[in-house]
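So the structure is just underneath, and the comments pick up after that.
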């Protein structure tokens, strides 16, 4: 079952551009909001690229990080401060934004600032959280748990619908492969597209969690490989975290794409999508 990107995935997202193109849509930005200047700098660059390539774009940034390996890891600059930065990004560049939530109270709070609410993979089975997000009326992006099968995601989508919200996406961020590695099972893309528009989280799928030093590792050199495979398999959207200085990013720098490499990657992926659409 091939879902229509424009009519199902994007039509309810405010400020979305290029929704009539045949391209995948893109969720892209830093892992966490570290400050206003960095967020605006990244957004400006991604907007210029996606406008040039006619890719529908949603700016991504976490207003806080609740799932950390160590108690001294970076968690954020303050909830309201980060959410206001997300709103400024949206207003400055006239684009939609997405952020993840971790507690029921976050749903209502974040919904006043962003257009898409994201449920983290470790929390996607938390019914109260999913329902609270759904009841805001925002698009709900459900990240597949690393411990879940693609088929199990139909129940998470159904929770959103049962709460009166038809606007759910699924994002695959890989499946645990042993204790310290992830793998993407591309068979899951057509399966999950039966339930909702499906996004491939390219960068988180390349994480290497549970490192003994307490910091998640990653394999950013594989980003293009995973992204190409997703596009070939008709994924509706791509999720890519990027930063102009990944080695000094405060969260998930080990698996992020350097901002300087984004345009070349997306140019190649758009070419592949055009070829796939020709069949």
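Residue numbers (the numbering used here): -19 to 259.
Where is the CB? At the ideal position from N, CA and C, for every residue including glycine.
Segments of 4+ residues assigned as alpha helix (DSSP H) that fall wholly inside the segment 137 to 217: Runs of the alpha helix (DSSP H) inside the segment 137 to 217: 168 to 172 and 203 to 212.
Cβ shell of residue 102 (< 7 angstroms), same chain only, five flanking positions each side left out: Within the chain shown, residue 102 is the residue found at index 122, counting from 1. Taken in chain order, the residues that qualify are 47 and 125.
Rounded straight-line distance, which links the Cα of residue 140 to that of residue 23: Working through the chain shown from its first residue, we reach residue 23 at position 43. Working through the chain shown from its first residue, we reach residue 140 at position 160. Roughly 29 angstroms separates the two Cα atoms.
Pairwise C-alpha distance: residue 170 and residue 157: Taking the first residue of the chain shown as position 1, residue 157 is located at position 177. Taking the first residue of the chain shown as position 1, residue 170 is located at position 190. Cα-Cα distance, rounded: 21 angstroms.
Contacting residues, own chain, Cβ-Cβ under 8 angstroms from residue -2 (five flanking each side not counted): For the purposes of this step, residue -2 is taken as the residue at position 18 of the chain shown. Cβ within range, chain order: 30, 31, 34, 35, 36 and 37.
Cα-Cα separation, residue 57 to residue 63: For the purposes of this step, residue 57 is taken as the residue at position 77 of the chain shown. For the purposes of this step, residue 63 is taken as the residue at position 83 of the chain shown. Those two C-alpha atoms are separated by around 10 angstroms.
Cβ pair count under 8 angstroms reaching 3, the segment 179 to 193 against the segment 129 to 146: Too few Cβ pairs lie closer than 8 angstroms, so no.
Collapsed DSSP secondary structure at residue 225 in the structure displayed: Your numbering for residue 225 matches position 245 in the chain shown. Annotated three-state conformation of residue 225 is coil, per DSSP.
Counted within 10 angstroms of its Cβ, other Cβ atoms place residue 167 as buried (16 or more) or exposed: As a working mapping, residue 167 is identified with position 187 in the chain shown. In the assembly as shown, residue 167 is an exposed residue. Its beta-carbon has fewer than 16 other beta-carbons within 10 Å.
Start-to-end residues for the beta strand (DSSP E) that takes in residue 6: For the purposes of this step, residue 6 is taken as residue 26 along the chain shown, with counting starting at 1. Segment 5 to 9, the beta strand (DSSP E) holding residue 6.
Neighbour-count burial assignment, residue 246, 16 or more Cβ in a 10 Å radius: On the chain shown, residue 246 is found 266 positions in, with the first residue counted as 1. Burial call: buried.
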